[in-house]
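Residue numbers for the sequence shown follow my numbering, beginning at 86 and rising by one. Ideal Cβ positions, reconstructed from N, Cα and C, are used throughout, including at glycine. The next block holds one structure in the form of structure tokens; read it before the comments.
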Amino acid sequence: MFDVDGTLVDSNYLHVHAWRRAFHALDRDVDSWRVHRAIGKGSGKLLTTLLGEEDAGRIGDRAKELHSRFYLETADLLRPFDRAPELVRELAGRGVRVVLATSASPDELEALRKVLDVDDVVTGIVSGDDVEATKPDPEPVFAALEKAGTAPEDTIFVGDAVWDVHAATKAGVRTVSVLSGGVGAAELTDAGAVAVYSDAATLLNRLDESVLIS
86 MFDVDGTLVD
96 SNYLHVHAWR
106 RAFHALDRDV
116 DSWRVHRAIG
126 KGSGKLLTTL
136 LGEEDAGRIG
146 DRAKELHSRF
156 YLETADLLRP
166 FDRAPELVRE
176 LAGRGVRVVL
186 ATSASPDELE
196 ALRKVLDVDD
206 VVTGIVSGDD
216 VEATKPDPEP
226 VFAALEKAGT
236 APEDTIFVGD
246 AVWDVHAATK
256 AGVRTVSVLS
266 GGVGAAELTD
276 AGAVAVYSDA
286 ATLLNRLDES
296 VLIS
């Protein structure tokens, strides 16, 4: 199973900018680096992390609406990481069941699916609307396991954030991490990633020696 933002699609920093614009519009000062540190969490958890539970409850819906609007305004900048679609297609071609697991809203997911263009080979897609609790809770991983029809011990989660690692680990799934989301290798390894690669292209180039195949 694959995370999408920051793993297959170069979108994390577009999210950071969109959240910063949303916070600015709501007269909230949140440092960009703090926003980036929370990317990968579901939007509700991100807001609670950055604003605190009380303020997030007060302005959360408006912040989410503004973030989505500002993010979609930059959708023409979305691009798959180098060879990311080929990685998904190569795995599917080898008989691996691939499920995409993302916290994206329906509008955001539509934009991601359009640029990634792998719908014809994936087994399923889990979005933020499909679960009650988002990463780092394990519910998205359990939902993806159900779609794939695989056991946790026979599944690998590929993601870019520590939140991916935490969610997968809680579900009994090993995680392979990539650096393309902007999180350092040491932090990902400390969180529990069993292997770390620079990006999707590097993982594809080393696929035969990776735990995705072995």
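- prompt: To the nearest angstrom, how far is it from the Cα of G178 to the Cα of L264?
  reply: Within the sequence shown, residue 178 is the residue found at index 93, counting from 1. Within the sequence shown, residue 264 is the residue found at index 179, counting from 1. Taking the straight line from one Cα to the other gives about 25 Å.
query: Of all the options L185, D215, L289 and E195, which has the alpha carbon lying nearest to the alpha carbon of V206?
result: Taking the sequence shown and counting its residues from 1, one reaches residue 206 at position 121. Out of L185, D215, L289 and E195, L185 has the C-alpha closest to the C-alpha of V206.
task: Measure the CB-CB distance between A49 and V211 and report whether it falls below 8 Å.
output: What is shown of the chain runs 86 to 299, which leaves residue 49 out entirely.
task: Reducing DSSP to helix, strand and coil, say where R259 ends up.
output: As a first step, residue 259 must be located in the sequence shown, where it is residue number 174. Strand at R259.
- prompt: Quick one: Cα of E175 to Cα of H100, how far?
  reply: Within the sequence shown, the letter at position 90 stands for residue 175. Within the sequence shown, the letter at position 15 stands for residue 100. For E175 and H100, the distance between alpha carbons rounds to 28 Å.
message: Assuming contact is defined by CB atoms lying nearer than 8 Å, are A148 and L132 in contact in what I supplied?
response: By one-based count along the sequence shown, residue 148 stands at place 63. By one-based count along the sequence shown, residue 132 stands at place 47. Taking 8 Å as the Cβ cut-off, A148 and L132 qualify as a contacting pair.
Local Cβ density within 10 Å of W248, reported as buried at 16 or more and exposed below that: Taking the first residue of the sequence shown as position 1, residue 248 is located at position 163. By the neighbour-count rule (16 or more Cβ atoms within 10 Å), W248 is buried.
query: Should L296 be labelled buried (16 or more other beta-carbon atoms within 10 Å of its own) or exposed?
result: Within the sequence shown, numbered from 1, the residue matching residue 296 stands at position 211. Here the sequence assigns Val to residue 296, which means Leu is not the residue at that position. Answer is exposed; the Cβ neighbour count stays below 16.
- prompt: Which class does L209 belong to by DSSP, given the choice of helix, strand or coil?
  reply: Numbered from 1 along the sequence shown, position 124 holds the residue referred to as residue 209. Looking at the sequence shown, residue 209 is not Leu but Gly. Note: G209 maps to strand in three-state DSSP.
query: Three or more C-beta pairs closer than 8 Å, one from the stretch 194-201 and one from the stretch 161-171: is that the case here?
result: yes
message: What I want to know is whether the C-beta of E195 ends up closer than 7 Å to one or more non-hydrogen atoms of the ligand MN.
response: The ligand MN is absent from the structure shown, which contains no ligand whatsoever.
- prompt: Could you give the uninterrupted runs of the alpha helix (DSSP H) lying entirely in the stretch 134-187, keeping only those of 4 residues or more?
  reply: 138-158 and 169-178
message: If you follow the beta strand (DSSP E) that A280 is in, where does it begin and where does it stop?
response: Taking the first residue of the sequence shown as position 1, residue 280 is located at position 195. That run of the beta strand (DSSP E) goes A280 to Y282.
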